[in-house]
Amino acid sequence: MDDALLIHRLHFAFTITYHYLFPQLTMGLAPLIVALKTLAIWKNDERYNQAARFWAKIFGINFAIGVVTGIPMEFQFGTNWAQFSRFAGGVIGQTLAMEGMFAFFLESSFLGLFLYGEKRLGKWGHWWAAFAVFAGSWLSGYFIIATDAWMQHPVGYERLADGTFALTSFWALIFNKWAFWQYLHNMGGAAITGAFVMAALGAFYLLSRKHEEQARIYVRVGVVAGLIFTVLQVFPTGDQQGKLVAQHQPATLAAMEGLFETKQGAELVIIGQPNVKEKKLDNAIVVPNALSMLSYQRWEAEVKGLDAFPPDQWPDNIALLYYSYHIMVGLGTIFIAIMVVSGFLLWRGRLMQSRWMLWVLMMSFPLPYIANTAGWMTAELGRQPWLVYGLLRTAEGYSKTVSAGNGMFSLLGFMGMYTVLSFLFLFLIHREIAHGPDAAPATGGTR
Amino acid sequence: MMPTLWFVIVALMVVVYVILDGFDLGVGIVHWGVGRTEDERSVNIKAIGPVWDGNEVWLLAAGGTLYFAFPPLYAAGFSGFYLPLMMVLWCLMLRGVSVEFRNHIHDSVWRTFFDGVFTFASALLAIFFGAALGNVIRGVPLNEEGFFFTPLFTDFRTGPEPGVLDWYTVLTGVVSLVALAFHGAVYLALKTDGQQNHKAKRVASGSWWVLLALTLLGVPATLSVRPQLLDNYKNHPWLFVVPALVFAGLIAARHFLRFDEKKAFLASCAYLLGMVGFPVFGLYPVILPASNVPERSLTIHNAAGPAYGLQVGVIWWAIGCVLAIFYFRHLYAVFKGKVSAESAVYGH
Numbered sequence: 247m248d249d250a251l252l253i254h255r256l257h258f259a260f261t262i263t264y265h266y267l268f269p270q271l272t273m274g275l276a277p278l279i280v281a282l283k284t285l286a287i288w289k290n291d292e293r294y295n296q297a298a299r300f301w302a303k304i305f306g307i308n309f310a311i312g313v314v315t316g317i318p319m320e321f322q323f324g325t326n327w328a329q330f331s332r333f334a335g336g337v338i339g340q341t342l343a344m345e346g347m348f349a350f351f352l353e354s355s356f357l358g359l360f361l362y363g364e365k366r367l368g369k370w371g372h373w374w375a376a377f378a379v380f381a382g383s384w385l386s387g388y389f390i391i392a393t394d395a396w397m398q399h400p401v402g403y404e405r406l407a408d409g410t411f412a413l414t415s416f417w418a419l420i421f422n423k424w425a426f427w428q429y430l431h432n433m434g435g436a437a438i439t440g441a442f443v444m445a446a447l448g449a450f451y452l453l454s455r456k457h458e459e460q461a462r463i464y465v466r467v468g469v470v471a472g473l474i475f476t477v478l479q480v481f482p483t484g485d486q487q488g489k490l491v492a493q494h495q496p497a498t499l500a501a502m503e504g505l506f507e508t509k510q511g512a513e514l515v516i517i518g519q520p521n522v523k524e525k526k527l528d529n530a531i532v533v534p535n536a537l538s539m540l541s542y543q544r545w546e547a548e549v550k551g552l553d554a555f556p557p558d559q560w561p562d563n564i565a566l567l568y569y570s571y572h573i574m575v576g577l578g579t580i581f582i583a584i585m586v587v588s589g590f591l592l593w594r595g596r597l598m599q600s601r602w603m604l605w606v607l608m609m610s611f612p613l614p615y616i617a618n619t620a621g622w623m624t625a626e627l628g629r630q631p632w633l634v635y636g637l638l639r640t641a642e643g644y645s646k647t648v649s650a651g652n653g654m655f656s657l658l659g660f661m662g663m664y665t666v667l668s669f670l671f672l673f674l675i676h677r678e679i680a681h682g683p684d685a686a687p688a689t690g691g692t693r
Numbered sequence: 064m065m066p067t068l069w070f071v072i073v074a075l076m077v078v079v080y081v082i083l084d085g086f087d088l089g090v091g092i093v094h095w096g097v098g099r100t101e102d103e104r105s106v107n108i109k110a111i112g113p114v115w116d117g118n119e120v121w122l123l124a125a126g127g128t129l130y131f132a133f134p135p136l137y138a139a140g141f142s143g144f145y146l147p148l149m150m151v152l153w154c155l156m157l158r159g160v161s162v163e164f165r166n167h168i169h170d171s172v173w174r175t176f177f178d179g180v181f182t183f184a185s186a187l188l189a190i191f192f193g194a195a196l197g198n199v200i201r202g203v204p205l206n207e208e209g210f211f212f213t214p215l216f217t218d219f220r221t222g223p224e225p226g227v228l229d230w231y232t233v234l235t236g237v238v239s240l241v242a243l244a245f246h247g248a249v250y251l252a253l254k255t256d257g258q259q260n261h262k263a264k265r266v267a268s269g270s271w272w273v274l275l276a277l278t279l280l281g282v283p284a285t286l287s288v289r290p291q292l293l294d295n296y297k298n299h300p301w302l303f304v305v306p307a308l309v310f311a312g313l314i315a316a317r318h319f320l321r322f323d324e325k326k327a328f329l330a331s332c333a334y335l336l337g338m339v340g341f342p343v344f345g346l347y348p349v350i351l352p353a354s355n356v357p358e359r360s361l362t363i364h365n366a367a368g369p370a371y372g373l374q375v376g377v378i379w380w381a382i383g384c385v386l387a388i389f390y391f392r393h394l395y396a397v398f399k400g401k402v403s404a405e406s407a408v409y410g411h
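First to last, the sequence lines map onto chains A and B. First residue of the first sequence: 247, per our numbering; consecutive thereafter. First residue of the second sequence: 64, per our numbering; consecutive thereafter.
In structure tokens, the structure reads:
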């Protein structure tokens, strides 16, 4: 791999990975805030409004960082991936432009109203503002997923003589079946981050005996949402996503599972280390025949191993892909365990007194961030060596006129900038957590 | 037909961006001139707090629309202006963070620090955007595949191998800085009362004279760098409405500034519309001229996206645009009126 290609890939990987730490929380919190606003109206209970107000502040800080780190993403299609943009802009430009027109305008216009308009808008007006922010952020997610889904599973296009992709069916692009399941799986992941963070902060307040009445709301809402979304994340969304990979990206599936040889009745690897040099999996602990069952619903089904594909079509970093995938799946399983136990204790009315479980909830908030990151690494490393699966190689997509040195310069610049943003973010979040929920509606004035 | 329609759409979106984000960039530029004290600067921030983010979305929406309507232009332009665009991105980040986080903490050093960052980033962005337009007017050295890479500067001449900055693009950068400063000052006059209103008007009238001088310098300079710009106007004399807006807007803004801030602001919008529209409609059908071999220029014909996509786009774009106008009307209606030190902070 030449230097420029590697640096452009790292450039996008670094900026998108950092960026997505923030939207996954805002997209996850948005429906929870709408739920809190709904509970406030339904039960006519001011405590839920107070909770919504507090989470709106956390949301606002995350949203701001999400916005400023999101702008470079759209730019990089042109700056660092100019060849790709030139070939595919006519197709994925549709969904990217639609994101701006339908999601960003909605989100940005109503965010100010939501954060600072509670007094001006009244009960229902404010509920609608919260809902509009939720709708905007989830729509935004759909257009991005539809873009990525087209790169994973291109549909509704034709290839022109000069290599350009031309759209032939708008609806095929928008209703790509890959986009449908990937979207649900991705948004489920975001909701899990939101739920774990909410529960973790509630647990923290309970453990430190502060704001206990509010904290119980956070734990309750976080655990209920967490239980729902962790289960849905495995079945049906994760399961369906896996079947799509098996069907349309068999080489990717083989690499994710560390399956070097084609096999009937293929085993599911729980843990093990891929040894790419010798084309085998070291120290594996496996469940016999399970991979065949999960992928093709038959215990004896044949699953193609990497040996069935020419090496130039193998994902180019098999070890990283394998580990990312297994970390995602492993954490997803742990999430269900945490939420089932928490949910049981909540149902028995013992969760708020179970300090050990509150400790578990508090300590586990980083895990969904790791799982979401690992999940995206699985999707994107799994697509390699393709930029548009089976059609356009990653090596053909980057900006030929931007040298490795220039790419390195801006990559380092972003690293520095994001370090500063991280400090600023942690400082402000720390202040909000230390300050805790306010009793009165925010006027945004000084405090 | 379709490429022309999309040319007009993208041009309009760019103009809307310049007018809307222009005033909050402008507020950043005159931030210290209009806001001598920390409290006055808080008022400046309050005046743009709820709207700046939505305004900036027009940049993303225009960029996205450009991407899909003219993919080769997006690819060539963004990779060719790689270094300045990276700096634009960093400035956008610094600026966003400073507006959003300035009011989070009531501390003089914290606020003054972010006031400084806000002004620095706003001014630099105004210069960069002006220089960007200057680069498009002057043209860039396109290779046979329609790509280029310009250094930040070469010998500051507008030859076939120019840098991002040369005498002409520096001039357009400065025109943009002053034009947006004026625009921002007029906006602050519209949004503030009393002493601060008075200061905003004083900054506006001061910068008006500089802007007049720069405009009188900039228009002939533009025509000397790219004389072909007048061809479309000669063929379609009614198009002269667009450059006429430049001078009508400038004079009207001055006239209304004393007694009708809203009309002065609208006049300033008309001026910006003329300043951006004049070269853009003059270049048509070219969208990125080649400074070395004119035949290599990117035009709406050789850079338009595939036809079917453009046709479908018209439908969703129209729907999206109507929705956006509706949201913006609502947003500006809720936060209309003057802000003062007493009013609550409607930033986020």
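Ideal Cβ placement from N, Cα and C applies to all residues, glycine included.
Would residue i be called buried (16 or more neighbouring beta carbons within 10 Å of its own) or exposed?
i: B:Val304; result: exposed
i: A:Gly595; result: exposed
i: A:Trp593; result: exposed
i: A:Pro614; result: buried
i: A:His431; result: buried
i: B:Asn298; result: exposed
i: A:Leu577; result: buried
i: B:Val180; result: buried
i: A:Arg601; result: exposed
i: A:Asp249; result: exposed
i: B:His411; result: For B:His411, the predicted structure reports a pLDDT of 39, less than 50, and the residue's modelled location is therefore unreliable. A value from the coordinates is still provided. Buried, because 16 or more other Cβ atoms sit within 10 Å of the Cβ of B:His411.
Give the DSSP bridge partners of residue i, in chain order.
i: A:Val533; result: A:Leu514
i: A:Asp528; result: A:Gln519
i: A:Tyr403; result: A:Leu413
i: A:Trp632; result: A:Arg639
i: B:Ala353; result: B:Val203
i: A:Glu548; result: A:Gln510
i: B:Leu228; result: B:Phe216
i: B:Thr100; result: DSSP lists no partner for B:Thr100.
Hey, does residue i have any beta-carbon neighbour from chain B nearer than 8 Å?
i: A:Glu320; result: yes
i: A:Phe416; result: yes
i: A:Tyr451; result: no
i: A:Leu406; result: yes
i: A:Leu638; result: no
i: A:Leu413; result: yes
i: A:Ala392; result: no
Please check if any C-beta of chain A sits within less than 8 Å of the C-beta of residue i.
i: B:His167; result: yes
i: B:Leu228; result: no
i: B:Val127; result: It should be noted that the sequence gives Gly, not Val, for residue 127 of chain B. Yes, contact with chain A.
i: B:Ala379; result: Correcting the residue type first, residue 379 of chain B is Trp in the shown sequence and not Ala. Yes, its Cβ sits closer than 8 Å to a Cβ of chain A.
i: B:Pro352; result: no
i: B:Phe141; result: yes
i: B:Ala396; result: no
i: B:Met65; result: no
i: B:Gly98; result: no
i: B:Ala387; result: yes
i: B:Pro225; result: no
i: B:Val71; result: no
Run down chain A in chain order and give the residues with a C-beta less than 7 Å from the C-beta of residue i.
i: B:Tyr145; result: Thr325, Val648, Asn652
i: B:Trp153; result: Gly659, Met663
Quick one: which chain B residues come within Cβ less than 7 Å of residue i?
i: A:Leu670; result: Val160, Phe164
i: A:Val314; result: Leu155, Met156, Gly159, Val160
How would you list, in chain order, the residues of chain A whose beta-carbon sits under 8 Å from the beta-carbon of residue i?
i: B:Ala124; result: Ala343, Gly346, Met347, Phe350, Phe351
Along chain A, in chain order, which residues have C-beta atoms closer than 9 Å to that of residue i?
i: B:His393; result: Ser355, Phe356, Leu359
Check whether the segment 225-243 of chain B touches the segment 272-279 of chain B, counting contact only when three or more Cβ pairs, one atom from each stretch, lie closer than 8 Å. These segments touch.
Given 8 Å as the limit, is there contact between the segment 86-101 of chain B and the segment 305-314 of chain A, that is, 3 or more CB pairs closer than that? The segment 86-101 of chain B vs the segment 305-314 of chain A: no contact.
May I ask you to verify whether the segment 506-514 of chain A touches the segment 536-555 of chain A, counting CB pairs closer than 8 Å and requiring at least 3? Segments in contact, yes.
Stretch-stretch touch, CB-based, cutoff 8 Å, three pairs: the segment 217-236 of chain B with the segment 282-301 of chain B: Between the segment 217-236 of chain B and the segment 282-301 of chain B there are three or more inter-stretch CB-CB distances shorter than 8 Å, so the stretches are counted as touching.
Does the segment 458-466 of chain A come close enough to the segment 284-297 of chain A to have 3 or more Cβ pairs within less than 8 Å? By the Cβ rule, the segment 458-466 of chain A counts as touching the segment 284-297 of chain A, because three or more pairs are nearer than 8 Å.
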